[in-house]
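Undergrad:
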Amino acid sequence: MSEQSVEHSAGDVIVGIDGSAGSLTAARWAAGFATERGRALRLAHGMELVGTAKLVSTSGGVTSSLLEALKENSRHLLDRAEEAVTAETPDLAVSTRVSVGSAAALLIEESAGAYTVILGATGNVGVLGHIGSTLLTVVSRAHGPVIVVRTDAEGAIRSTGPVVVGVDGSPVSEAALATAFTEAAVRRTDLVAIHVHYDRRLESERLRKFLPEIEVENAGQEVLGERLAGWQEEFPDVTVLRKTYSDNPTARLREWSDSAQLVVVGSRGRGGFTGLLLGSTSHSLVQHAGCPVMVVRPENSTEGRDR
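Numbering (this note's numbering), first residue to last: 2 to 308.
1) Considering only C-alpha positions, which residue in the set VAL294, LEU25 and SER160 is nearest to VAL86?
2) Mapping DSSP to helix, strand and coil, what is GLY17?
3) According to DSSP, which residues form a beta bridge with VAL224?
4) My assumption, with CB atoms under 8 Å, is that VAL122 sits in contact with ARG151. Please give the rounded CB distance.
5) Just verifying my parser: in three-state terms, what is the DSSP assignment at GLY12?
6) When you compare only the Cα positions, how much space is there between ARG253 and ILE158?
7) Judging by CA-CA distance, which residue of HIS198, ALA290, VAL241 and THR138 is the nearest neighbour of TRP257?
8) Could you work out which residue in ALA105, ALA104 and PHE34 is closest to GLU89 when comparing CA atoms only?
9) To the nearest angstrom, how far is it from the Cα of THR161 to the Cα of ARG40?
10) What's the call for GLU184, buried or exposed, on a 16-neighbour Cβ count within 10 Å?
11) Tell me where the beta strand (DSSP E) around ILE119 begins and ends.
12) Could you give the distance in angstroms between the alpha-carbon of GLY47 and the alpha-carbon of LEU71?
13) Does the Cβ-Cβ distance between ALA179 and VAL164 come in under 8 Å?
14) Pull up the DSSP beta-bridge partners for ILE148, would you.
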């Protein structure tokens with residue numbers, strides 16, 4: 002296992018490893034992702050020793066043998082992941098990093114210089130795969146894009162279908178569009194741009210009749226036309242499908258994730274996509290989407306990076 006310091010070459014793909022099947026699946030997927038983009042891959046593992054030390058010290062102190070056992074277990078997890086990755090992509094440059102701190106803190110630190118951070122959607126409680134803590138902490142606080150690798154209903158990661166992006170006209174939506182176009186171009190697939198006009202007050206059929214569908218459609222198409230114009234000129238080979246809706250954005254994005262190979266959302270938005278990062282929509286996507294989900298920030302899109 003090749004360990005090195007945090008001062009690595011800018012633009013590596015970072016993947017979190019916790020020993021779970023989900024993190025190994027994410028590592029293999031990340032290897033292909035990195036290879037397609039000419040990036041090196043770094044496997045990162047947080048030992049969570051601070052919490053362990055406090056727990057064990059209450060019952061007599063942390064023994065050197067226990068610490069060595071924990072470190073050996075971490076080395077084993079990373080060795081196993083590295084072997085799985087290099088078996089499928091032998092020419093990929095792979096490095097590893099172990100931290101005695103938390104997985105979340107490690108990945109947030111690594112994200113500052115990363116091309117993207119990739120996480121498995123399932124895993125062990127207390128480490129990377131724990132949806133209620135580490136994963137959402139990283140998604141919420143990372144300095145750059147984060148991809149949560151989710152499988153479809155059959156347990157496979159879809160490699161066909163369009164890239165889907167949520168559009169609302171906000172600055173972070175622009176970043177999501179930049180990344181989505183880049184991803185569609187790299188994958189040589191279509192892009193589905195979705196605009197949702199969503200107002201909880203209009204959820205009932207009795208009130209919805211006062212908002213004609215044609216007005217929603219026209220307004221949505223206007224927003225999409227304005228936001229997509231420049232990007233379509235820059236990416237003329239990417240075919241774009243424009244979709245507008247006036248109902249729940251969570252349901253629409255989850256619906257599209259069942260046929261997409263990637264869903265791209267901004268970390269925060271407005272209108273129908275407000276709260277995509279910290280609200281119910283993001284929680285639903287990272288837990289229930291049928292494909293990988295990429296969360297992008299306005300200052301850290303992958304557009305303009307080497308493709």
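Backbone N, C-alpha and C fix where the C-beta goes; we use that ideal spot for every residue, glycine too.
The model shown is predicted, which means the values in this text are computed figures rather than measured ones.
TA: This is what the structure gives:
1) Working through the sequence shown from its first residue, we reach residue 86 at position 85. It is LEU25.
2) What you label residue 17 is simply residue 16 of the sequence shown in a count that begins at 1. Correct three-state label for GLY17: strand.
3) Sequence index remark: in the sequence shown, residue 224 carries index 223 (1-based). When beta bridges are read from the DSSP output, VAL224 appears opposite no residue.
4) In the sequence shown, the residue the question calls residue 122 occupies position 121. In the sequence shown, the residue the question calls residue 151 occupies position 150. In the sequence on display, residue 122 carries Ala and not Val. Contact holds; Cβ gap of about 5 Å.
5) Counted from its first residue, the sequence shown places residue 12 at position 11. GLY12: coil per DSSP, three-state reduction.
6) Translated into the one-based positions of the sequence shown, residue 253 becomes position 252. Translated into the one-based positions of the sequence shown, residue 158 becomes position 157. So the alpha carbons of these two residues sit roughly 20 Å apart.
7) For this step, residue 257 is matched to residue 256 along the sequence shown. Nearest Cα to TRP257 within the set HIS198, ALA290, VAL241 and THR138: ALA290.
8) Locating residue 89 in the sequence shown gives position 88, where the first residue counts as 1. Residue PHE34 is the option with its Cα nearest to GLU89.
9) Here residue 161 refers to the residue found at position 160 when the sequence shown is read from its first residue. Here residue 40 refers to the residue found at position 39 when the sequence shown is read from its first residue. Their backbone Cα atoms lie some 22 Å apart in a straight line.
10) One-based indexing of the sequence shown puts residue 184 at position 183. Looking at its Cβ environment, which holds 16 or more other Cβ atoms inside 10 Å, GLU184 is buried.
11) Position 118 of the sequence shown holds residue 119. From DSSP, the beta strand (DSSP E) with ILE119 extends over 115–121.
12) As a position in the sequence shown, residue 47 is number 46, starting the count at 1. As a position in the sequence shown, residue 71 is number 70, starting the count at 1. The straight-line gap from Cα to Cα measures roughly 11 Å.
13) Locating residue 179 in the sequence shown gives position 178, where the first residue counts as 1. Locating residue 164 in the sequence shown gives position 163, where the first residue counts as 1. Their beta carbons are not under 8 Å apart, which means ALA179 does not touch VAL164 by this criterion.
14) Numbered from 1 along the sequence shown, position 147 holds the residue referred to as residue 148. Paired residue(s): ILE119 and MET295.
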